[in-house]
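Just below is one structure, and these are the notes that go with it.
Number of protein chains: 2
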Amino acid sequence: MKNYLITGSSGFVSQHFLHYLNDACPGSHVIGIDVERSTVDIREFPNIRWDFARANMLDYAAIESIIEEFSPENIIHLASFSSVAYSWKRPVESFQNNTNIFLNLVEAVRKLAASCRILSIGSSEEYGNVDHTSLPITESQPLAPVSPYAAARISQELLSRIYCQGYGLDIVMTRSFNHIGPGQKDGFVIPSIVRQMVRIRRGTSASDEVVIGDGSIVRDFVDVRDVAEAYQLLLEKGDKGELYNVCSGRGLSIREIVTKLQNLMGIKVLLRTDENLLRPSDNRIIVGSNRKIRLKTGWEPRISLEQSLSDIIRDWEKRDHCVP
Amino acid sequence: MKNYLITGSSGFVSQHFLHYLNDACPGSHVIGIDVERSTVDIREFPNIRWDFARANMLDYAAIESIIEEFSPENIIHLASFSSVAYSWKRPVESFQNNTNIFLNLVEAVRKLAASCRILSIGSSEEYGNVDHTSLPITESQPLAPVSPYAAARISQELLSRIYCQGYGLDIVMTRSFNHIGPGQKDGFVIPSIVRQMVRIRRGTSASDEVVIGDGSIVRDFVDVRDVAEAYQLLLEKGDKGELYNVCSGRGLSIREIVTKLQNLMGIKVLLRTDENLLRPSDNRIIVGSNRKIRLKTGWEPRISLEQSLSDIIRDWEKRDHCVP
Chain P
0 MKNYLITGSS GFVSQHFLHY LNDACPGSHV IGIDVERSTV DIREFPNIRW
50 DFARANMLDY AAIESIIEEF SPENIIHLAS FSSVAYSWKR PVESFQNNTN
100 IFLNLVEAVR KLAASCRILS IGSSEEYGNV DHTSLPITES QPLAPVSPYA
150 AARISQELLS RIYCQGYGLD IVMTRSFNHI GPGQKDGFVI PSIVRQMVRI
200 RRGTSASDEV VIGDGSIVRD FVDVRDVAEA YQLLLEKGDK GELYNVCSGR
250 GLSIREIVTK LQNLMGIKVL LRTDENLLRP SDNRIIVGSN RKIRLKTGWE
300 PRISLEQSLS DIIRDWEKRD HCVP
Chain L
0 MKNYLITGSS GFVSQHFLHY LNDACPGSHV IGIDVERSTV DIREFPNIRW
50 DFARANMLDY AAIESIIEEF SPENIIHLAS FSSVAYSWKR PVESFQNNTN
100 IFLNLVEAVR KLAASCRILS IGSSEEYGNV DHTSLPITES QPLAPVSPYA
150 AARISQELLS RIYCQGYGLD IVMTRSFNHI GPGQKDGFVI PSIVRQMVRI
200 RRGTSASDEV VIGDGSIVRD FVDVRDVAEA YQLLLEKGDK GELYNVCSGR
250 GLSIREIVTK LQNLMGIKVL LRTDENLLRP SDNRIIVGSN RKIRLKTGWE
300 PRISLEQSLS DIIRDWEKRD HCVP
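In order, the protein sequence lines correspond to chains P and L.
Residue numbering for the first sequence follows numbering that gives the first Met the number 0, beginning at 0 and increasing consecutively.
Residue numbering for the second sequence follows numbering that gives the first Met the number 0, beginning at 0 and increasing consecutively.
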């Protein structure tokens, strides 16, 4: 029986991590921190003990007191403003709510000399534009960020290394690729597309057009439930100070995803590019190698892309029914 | 006649930059920002027009209103918590007062769509431990920071590139090596040593020991007056989005500096290592190549190390007389 501090506990990944703990690690004690109200329905997690502290992680004193009181063995730092698009609109807020909140977390652990392992989540966006000869991207690829969000994530990673090597904190790092799965907000590309397509199929959309940004960009989509398992395995088996890609190893363009969705849903849609959704600069192709995490932890993605997309469609059929 | 915004205007480099402007660019209009009271004596700078705004750069609104009102053509961002030692003790404050203040600056310029060139000052500390085969260090050397300060400076650099490439700001970057010269605070290594030696020579020291940290580390010391000229030349001639080492190209260990000081002062001292001055991890050798800035701007260091050290000795003889 272990205890976990989960930051950003009201978020998408946290929900799935709690499901994972509930099934795979019964008896776990979890305290969640989130700036938003808790969205956790404890009836869904009968096998874990759940506590919640509402706190803004920019408030250092709050973080320190929570860690002091709870003495977590594992900290999984999911709190993040993880939208690249948002980071272009509000770069300062994005930076603070990625880098500065992480700095507060590790500083509290350092000051308290708390004995715990921290999982620091990074992003495939850190790699930036990668030449096709460097695909799939390994962890040794030089970083070339092209968005404020990516810069913030690299800054977090730099701080992870300093706190690990300079102060001796036990930190394991990831660069996590695009997550998909039920429950994701529709500010992200796949849920946005699925939501529009669900409405088209239902006949509640004004047109049969699906509005997207750049349909040609290729991403490595990994199911959030596989991500949850990867995070637990890294907490258990990852090497201190090491960094691991968390990815499927498979790349698809946004257009290819739409084609798959059309097949799954039995409809045809038209794609329209909204110039407002194009970003000042964007990575063309991001596909990762998951060799390192597989060798170290035995992890591998279990959920097929078709399964992920089917679950997302079902999710939006349910959600969109409630919120017209 | 140009106008300049200087952040950190009460600091060491700013004083010398003002002297440079006063001599080389008469008629310049300068507004200084500093969190401390202004230390500028306008009688020293008869050829420039000087204004001052006391502001904490963590206060975004203050920065924005100053830039809006003043519309600077050049911004030279000297504000920094630049002590590596301090960054180990107070990593959060160090990070905020390096990275976050810079982010506020560029964000204000972006929001106002202000037309100006920004000089973003970085540090040789960003390079970290460099293998001797990579000396002297060029700008293409991979970065491997080993202190919170270095991580903060790299974060600033990442943000510079994003604001330059993503938002079109006109930013020129430096990685500046160790500055020396009259007026530097004695929290830094050379003034600390000189101050102790001045007291020994005067007979006001309790012993003839000079307390230092690691005497074997090698640094590239460049006179602050040469640095001031480099910054002006980079504002005039540097390429947008490019980064330039500002360094002498010559490395000396702390012990070698002490030997030179002994010769200049005609005394012999004993060195004692204070374990408290040793850092969790430190770069062994930092010596830079200044080829890029020389080729681009014609800059070269003019002041010999002996001249710098003599001026620092004279400065401490004067200052230490006043503050016993």
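Virtual Cβ for every residue (Gly too), placed ideally from N, Cα, C.
These numbers were taken from a predicted model, which means no experiment stands behind them.
The C-alpha of residue 246 (chain L) is placed about 16 Å away from the C-alpha of residue 16 (chain L). Annotated three-state conformation of residue 166 (chain L) is coil, per DSSP.
The residues 199, 268 and 269, in chain order, have a CB closer than 7 Å to that of residue 207 (chain L) in the same chain once the five nearest residues on each side in sequence are set aside. Relative to the Cα of residue 152 (chain L), the nearest Cα in the group L:289, L:136, L:106 and L:174 belongs to L:174.
Residue pairing by DSSP places residue 15 (chain L) opposite no residue, since no beta bridge is assigned to it.
With a cut-off of 8 Å on Cβ pairs, the segment 101 to 117 of chain P is in contact with the segment 66 to 73 of chain P, counting three or more such pairs. Neighbourhood of residue 150 (chain L) in chain P, by CB distance below 8 Å: 154, 157, 158, 160 and 161, in chain order. Between the segment 1 to 8 of chain L and the segment 289 to 306 of chain P, the count of Cβ pairs shorter than 8 Å is below three; the stretches do not touch. With respect to the C-alpha of residue 191 (chain L), the residue from L:30, L:171 and L:260 having the closest C-alpha is L:260. Bounds of any beta strand (DSSP E) do not take in residue 258 (chain L); it lies within the alpha helix (DSSP H) bounded by 253 to 264.
In terms of CA proximity to residue 197 (chain P), P:317 leads the group P:286, P:34 and P:317.
Annotation for residue 298 (chain L): 229, 232 and 292 place their beta carbon closer than 6 Å to its own, counting only its chain and skipping 5 residues before and after. When the alpha-carbon of residue 221 (chain P) is set against those of P:178, P:202 and P:88, the nearest one is in P:178. The C-beta distance from residue 135 (chain P) to residue 27 (chain P) rounds to 33 Å, too long to fall under 8 Å, and the pair is not in contact.
Per DSSP, the unbroken alpha helix (DSSP H) holding residue 230 (chain P) starts and ends at 223 to 236.
For a cut-off of 8 Å, the C-beta gap from residue 87 (chain P) to residue 45 (chain P) is around 42 Å, too long to register as a contact. The closest CA to that of residue 252 (chain P), considering only P:217, P:265 and P:52, is found on P:217.
The shortest CA-to-CA distance from residue 37 (chain P) to any of P:187, P:14 and P:294 is the one to P:14. Under the three-state reduction of DSSP output, residue 314 (chain P) falls in the helix class. Flagged as an interface residue toward chain L: residue 146 (chain P), by a C-beta distance shorter than 8 Å.
Residue 302 (chain P) sits in coil when the DSSP states are folded into three classes, being neither helix nor strand. Neighbourhood of residue 94 (chain P) in chain L, by CB distance below 7 Å: 102, in chain order. Closer than 8 Å to the CB of residue 59 (chain P) there is at least one CB belonging to chain L. In the DSSP assignment, residue 85 (chain P) falls within the alpha helix (DSSP H) that extends over 83 to 88.
Residue-level contact by beta carbon fails for residue 6 (chain L) and chain P, as no gap is shorter than 8 Å. Note on residue 96 (chain L): 16 or more other CB atoms within 10 angstroms of its CB, so buried under the neighbour-count rule. When Cβ-Cβ separations below 8 Å define contact, residue 137 (chain P) makes no contact with chain L. For residue 203 (chain L), no beta strand (DSSP E) segment is defined, and its DSSP state is neither H nor E. Per DSSP, residue 282 (chain P) lies in no beta strand (DSSP E) segment and is marked neither H nor E. In this structure, residue 202 (chain L) and residue 311 (chain L) do not form a Cβ contact; the two beta carbons are roughly 20 Å apart against a cut-off of 8 Å.
Under the DSSP assignment, residue 59 (chain L) falls in the alpha helix (DSSP H) whose first and last residues are 59 to 69.
Not a single CB atom of chain L sits nearer than 8 Å to the CB of residue 274 (chain P). Membership of residue 32 (chain L) in the beta strand (DSSP E) is indicated by the continuous run 28 to 33. Checking the DSSP bridge columns, you'll see residue 173 (chain P) partnered with P:120 and P:243. Nearest CB-CB separation between residue 106 (chain L) and chain P: below the 8 Å threshold. A Cβ-Cβ contact shorter than 8 Å links residue 78 (chain P) with residue 100 (chain P).
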